[in-house]
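Worksheet: one structure, shown below.
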Amino acid sequence: MRKRGWLWWGLLFVLAGMMLPRTGGFFWDDWTPLLVYHLPQPTLATYVAAFQHNRPGSGVLFGLLLPILGTASYRWNLVSMGLHVATVAALMAWLRALWPRRPSLHATAALLFLVYPAFTEHAIQIAFTPHWASYALYLLSWWASVRGWRSSRFGWWGLSAVSLSLSVALVEYFLPLELVRALWFWALIRSEPQRTRRLRWLVPLWLALVVGLVVYVHGYSRPFHPDGTSPWVRDPLHSAGKAIYSLLYPVLVAWAQAWPQPETWLHLRHLQRALLLAGQSAILASYAWWHYIKTTPQGLSSDVPPGLSLRWLPAVALLGIGVGLAPFLAVGRFVGFGLYTGRYTLPTLWAAASLWAWFIVRVVRPRPRLAVLTALIASAGFIQGQALTSFEDSWARQQTIYAQLRWRLPSVPPGTAWLVDGALAPYVAEYVVGEVLNILYADQIPANTTLAYWAFDMRQHPPGQQFWQVTYKIWKFQGERALPVAYKAVARGGCVWVLDARHANENPYLSPQQRAWAQHATIPLVESAPSPWPDFVKVTPIQWCAYYQRAELARQRGEWERILTLWREVQRYDLRPTLPFEYGPFIEAFAQQGEWDQAAWLTRHAWHAASEGDEDETRFAMCRLWQRILSEHKHPAPAAQAYEEIDTVLHCSGMQESP
14 MRKRGWLWWG
24 LLFVLAGMML
34 PRTGGFFWDD
44 WTPLLVYHLP
54 QPTLATYVAA
64 FQHNRPGSGV
74 LFGLLLPILG
84 TASYRWNLVS
94 MGLHVATVAA
104 LMAWLRALWP
114 RRPSLHATAA
124 LLFLVYPAFT
134 EHAIQIAFTP
144 HWASYALYLL
154 SWWASVRGWR
164 SSRFGWWGLS
174 AVSLSLSVAL
184 VEYFLPLELV
194 RALWFWALIR
204 SEPQRTRRLR
214 WLVPLWLALV
224 VGLVVYVHGY
234 SRPFHPDGTS
244 PWVRDPLHSA
254 GKAIYSLLYP
264 VLVAWAQAWP
274 QPETWLHLRH
284 LQRALLLAGQ
294 SAILASYAWW
304 HYIKTTPQGL
314 SSDVPPGLSL
324 RWLPAVALLG
334 IGVGLAPFLA
344 VGRFVGFGLY
354 TGRYTLPTLW
364 AAASLWAWFI
374 VRVVRPRPRL
384 AVLTALIASA
394 GFIQGQALTS
404 FEDSWARQQT
414 IYAQLRWRLP
424 SVPPGTAWLV
434 DGALAPYVAE
444 YVVGEVLNIL
454 YADQIPANTT
464 LAYWAFDMRQ
474 HPPGQQFWQV
484 TYKIWKFQGE
494 RALPVAYKAV
504 ARGGCVWVLD
514 ARHANENPYL
524 SPQQRAWAQH
534 ATIPLVESAP
544 SPWPDFVKVT
554 PIQWCAYYQR
564 AELARQRGEW
574 ERILTLWREV
584 QRYDLRPTLP
594 FEYGPFIEAF
604 AQQGEWDQAA
614 WLTRHAWHAA
624 SEGDEDETRF
634 AMCRLWQRIL
644 SEHKHPAPAA
654 QAYEEIDTVL
664 HCSGMQESP
C-alpha cells in the first residue's frame with residue numbers, strides 16, 4: 014500500500030508539472046497587483062488600499078509575496094501550482110477522514126481534481142493565488158472539523174475556525190460550501206444517541222448563516238446609490254438574485270459590491286464587513302468551546318464510526334456542485350452555456366472530481382477502472398493543454414505589442430491619454446490596458462495615487478478631445494494630450510502603429526474613427542533618457558517590427574541615415590513585413606537622402622510583395638507616400654522622374670481617394 018501511495022503521488026506531481034505554463038505571462042487581473050508593485054513607494058498599506066473595495070485580504074497576500082517573487086513568471090508558476098497541490102492534499106485529507114477505508118477513492122479524486130477542466134485558467138498566476146490559497150484553507154477547515162469531532166480537542170476546532178476565517182478573508186467564493194459542511198457533518202453526528210446532542214452541532218452553524226443573511230439584506234435594502242434609490246427598486250430581479258447569493262455567502266458578503274457607492278457608505282460597508290468577520294469568529298469560538306466542555310474524548314470515541322458509508326458521497330458531491338455554482342450564477346452566467354468559464358466554477362471542482370471518483374470506484378467494474386480513469390485524465394489534460402497553449406499565444410502577442418511600444422516610444426510624458434482600439438490580446442480586457450501602460454513606463458508614475466497614463470477606447474470619444482480625467486480604484490489620472498495607437502494589425506502579422514496625420518493620409522488599414530483621431534494627433538518627442546525596459550518583456554530584437562518601430566522613431570527625429578543603417582540590417586537578416594505599407598519609412602529615407610532609384614525600386618518591391626487581397630491597400634499607401642514626398646521635396650526633378658517610373662506600375666494618377 015505504501016508503494017502504491019508513492020505511485021499516486023508521483024503521478025500527481027507529473028500531472029502538476031504538465032499544468033505549469035510553458036512560457037508564463039500575465040493576464041487580466043494579474044496587472045493590478047503588478048501596478049502596485051511598480052509604484053514609486055509601495056507599502057503593504059498601498060496593496061490593501063488598492064484592494065479595499067475588492068478583497069483587502071488579497072491585498073495583504075500580494076503585499077507579502079510580490080516583494081519576494083517580483084515579476085519572475087516562473088516563481089509565480091511554482092507558487093500557484095504549489096497552492097493547487099496543497100488544495101488537492103487538503104481534499105485527500107478530508108476524504109480520508111470521512112472514508113478512511115477507500116484509498117483508491119482519495120487518489121482518484123485527487124488526480125481528477127488537479128486537471129478538472131471546469132477551471133482552465135491556470136496560466137493566470139498572480140490573480141488566482143489568493144483563490145487557491147483560500148481553497149486550500151477552506152478544505153483544511155473541513156478536515157480539521159472532522160478531526161475535532163473525532164478527538165473532541167479544542168485545537169482542531171481552533172484550526173478549523175482560523176482556517177475558515179483566513180479563507181474568507183482572502184476570497185469569499187467558497188462560503189456556499191458551508192451548506193455542504195452541514196450535510197456531511199449531520200451525517201457524522203447521526204451516531205449521537207440524543208436529538209438534542211445532534212442539534213448542538215448544527216445550531217451554531219445555522220446561526221452564522223442566518224446572521225450573515227440578515228446583516229447582508231439589511232445593508233443592501235438601504236438606498237446607497239448616487240440617485241438615492243434602493244437597488245431593490247432599481248433592479249428587483251438582480252437584487253433578488255443578490256439576496257439568494259447572500260444566503261450562500263453569509264460571511265463577508267459585503268465584498269460583493271455590484272454598484273458604485275458614496276464614500277460614507279463605503280466606510281459603513283467596511284465596518285459591516287469587520288463585524289461579520291468578528292461575529293463569525295465569535296460563533297465558531299463559542300461552538301468549539303461548547304463542544305470542548307460538554308464532550309470528553311472517552312465518551313465520544315466509542316460513538317465514532319470507522320467512516321461514513323460511501324452512499325453519502327454522491328449526495329454531498331451533488332450538493333457541492335449545486336451550491337458551488339453560486340458565484341457562476343451570481344455574475345449572470347447560465348449553466349447551460351459556457352460552464353467552463355474559469356474562476357466562478359472553482360467551488361465545484363472538488364465535488365465534480367469526487368463524484369467522478371465515486372463513479373469509478375463504486376460503479377465501474379474493477380477491470381475497466383484504469384481505462385476509465387485514464388480516459389478522463391487524458392481528455393481533461395487535453396483541454397487544459399489547449400487552454401495553456403491559447404494563453405501562451407496571447408502572452409507572445411502581448412509581449413510583441415509591449416516591445417514595439419517601447420521601441421517606438423522610448424519615453425512618454427506623463428499626462429498622456431492613450432487612445433486604443435480595444436483589448437491588446439485574448440485574456441486581456443480593455444480596462445487592463447491602462448494598468449499595463451503605467452507599468453511599461455513605471456518611472457513616469459508621479460505618486461502612489463496618481464497615474465501617468467490611462468487608456469481610453471477611441472470609439473467612445475470624439476476626435477480632438479483635449480482634457481482627460483478618470484478615477485480608478487485608488488488612482489487618479491488627468492491628461493492634456495491624446496496619443497492614438499492601433500494594434501489590431503498585430504493579429505494578422507502587422508506591427509503596432511502609433512498614429513499621426515501621416516497615418517491618416519497614407520495608412521489604408523485604419524477605421525474611420527482611427528483616421529479621424531490620427532488627423533488630430535501629435536506624437537510626443539521626448540529627448541530625455543528612455544524609461545527602463547520592463548524585465549518581463551523578453552522579445553528578440555531581430556524581427557521586422559523591431560526595425561520598423563526604430564525606423565519610425567528615426568523618421569520622427571529626421572535621422573534619415575539612421576534609417577538606412579537599419580535597412581541594411583534588415584537586408585542582412587532577410588526580414589520582410591506582412592503588410593507592404595510598413596516599407597514606408599525606408600522608402601522615404603532613400604528619397605530624403607537623394608537615392609531616388611533605391612526609393613523607386615523599394616516601392617516596386619513593396620507592390621510585388623503584396624499578398625492577394627492587399628493590392629489596393631498597398632497601391633493606396635505607396636501612391637499617397639510619393640505624393641507627400643513630391644510636395645515636400647525642394648528639388649522635384651529627380652523625384653518626378655522616379656515617380657513616373659512607379660506610376661507606370663501603380664497607376665497613381667487614376668487612384669481613388671480611399672482604398
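If you want the numbering used here, it's the 1-based position in the sequence shown plus 13. Yeah, the Cβ is synthetic: ideal placement off N, Cα and C, and Gly gets one too.
Inset, instruction - Run the CB neighbour count on A655, radius 10 Å, all protein chains shown included, and call it buried at 16 or more, exposed below. - result: buried
Inset, instruction - Kindly indicate which residue of W488, K489, D470, L177 has the alpha-carbon position closest to the one of L496. - result: D470
Inset, instruction - Indicate whether R38 and Q411 have their beta-carbon atoms separated by less than 8 Å. - result: Reading the sequence as shown, one finds Gly at residue 38 and not Arg. Yes, the pair counts as a contact, with Cβ atoms nearer than the cut-off.
Inset, instruction - Measure the Cβ-Cβ separation of L432 and W530 and say whether it is below 8 Å. - result: Contact: yes.
Legend entry - Where D627 falls, given that 16 or more other Cβ within 10 Å makes a residue buried: buried
Inset, instruction - Can you grab the Cα-Cα spacing for the pair L79 / Y50, in whole Å? - result: One Cα belongs to L79, the other to Y50, and the distance between them is close to 7 Å.
Legend entry - Beta-carbon spacing of S407, F40 below 8 Å: Yes, they are a contact pair.
Legend entry - Cβ pair count under 8 Å reaching 3, the segment 136–155 against the segment 417–431: no
Legend entry - A430 vs A436 beta-carbon contact at 8 Å: With a cutoff of 8 Å on beta-carbon distance, A430 and A436 are scored as not near each other.
Legend entry - For L588 and F599, believed in contact at Cβ under 8 Å, the rounded distance: With 8 Å as the limit, F599 and L588 do not qualify as a contact, their Cβ atoms being about 11 Å apart.
Legend entry - Within 8 Å, strictly: CB atoms of A468 and V446: Pairing A468 with V446 gives a Cβ-Cβ distance under 8 Å.
Inset, instruction - With DSSP as the reference, label K486 as helix, strand or coil. - result: Looking at K486 - three-state DSSP - the assignment turns out to be coil, as it is neither helix nor strand.
Inset, instruction - Run the CB neighbour count on P547, radius 10 Å, all protein chains shown included, and call it buried at 16 or more, exposed below. - result: buried
Legend entry - CA nearest to the CA of L48, picked from N90, Y454, A328, I137: Y454
Inset, instruction - Ignore the nearest five residues each way along the sequence and tell me which others in W481's own chain have a CB closer than 8 Å to its CB. - result: A430, W467, F469, F490, Q491, G492, E493, A495
Inset, instruction - Alpha carbon to alpha carbon, how far is L172 from A287? Give it in angstroms, no decimals. - result: For A287, the predicted model reports a pLDDT of 46, less than 50, meaning its position is unreliable; a value from the coordinates is still stated below. Spanning the two alpha carbons is a distance of roughly 20 Å.
Legend entry - Unbroken beta strand (DSSP E) run spanning D42, endpoints: Premise fails: D42 is in no beta strand (DSSP E) and is neither H nor E.
Inset, instruction - Inspect the beta-carbon positions of L183 and G70 and report whether they are closer than 8 Å. - result: Taking 8 Å as the Cβ cut-off, L183 and G70 qualify as a contacting pair.
Inset, instruction - Take P525 as the anchor and find which of E601, P545, D434, Q556 has the nearest alpha-carbon. - result: Closest option to P525, Cα to Cα, is D434.
Legend entry - Cβ pair count under 8 Å reaching 3, the segment 83–96 against the segment 105–117: no
Legend entry - Burial state of A652 (16 or more Cβ within 10 Å): buried
Legend entry - Whole-Å CB distance - L663 paired with W609, under 8 Å assumed: Incorrect: roughly 16 Å between the Cβ atoms, too far for contact.
Legend entry - Own chain partners of H321 with C-beta closer than 8 Å, once the 5 adjacent residues on each side are dropped: In the sequence on display, residue 321 carries Leu and not His. Once the five neighbours on either side are set aside, the close Cβ partners of L321 are L111, W112, W197, A200, L201.
Legend entry - Sub-8 Å separation of L108 and L118 beta-carbons: yes
Legend entry - T358 - DSSP class collapsed to helix/strand/coil: helix
Inset, instruction - Pull up the distance between the alpha-carbon of V98 and that of K501, whole angstroms please. - result: Approximately 38 Å between the Cα atoms of the pair.
Legend entry - 7 Å Cβ shell around T462 - same chain, five flanking residues per side excluded: Result list for T462: I487, W488, K489, in chain order.
Legend entry - Y596 versus A602 - alpha carbon distance: 10 Å
Legend entry - Residues near A149 in its chain [Cβ-Cβ closer than 7 Å; skip 5 each side]: L96, A99, T100, A103
Inset, instruction - Per DSSP, which residues does D470 bridge with? Please list them. - result: Per DSSP, V433.
Inset, instruction - Give me the Cα-Cα distance between G76 and H144, rounded to the nearest whole angstrom. - result: The straight-line gap from Cα to Cα measures roughly 15 Å.
Inset, instruction - Check W546 in the structure and name its three-state DSSP category. - result: coil
Inset, instruction - Give the secondary structure of E658 by DSSP, where H, G and I count as helix, E and B as strand, and everything else as coil. - result: In the structure shown, E658 sits in a helix (DSSP, three-state: H, G or I).
Legend entry - Nearest candidate by alpha-carbon position, reference R563, set I458, Q54, F549, T578: T578
Inset, instruction - Compute the distance between the beta-carbons of V511 and V498, then report whether it is under 8 Å. - result: Contact flag set, yes.
Inset, instruction - Go through its chain and collect everything with a Cβ distance to L673's Cβ below 8 Å, but skip five positions before and after it. - result: Coverage of the chain is limited to positions 14 through 672, which leaves residue 673 absent and any answer about it impossible.
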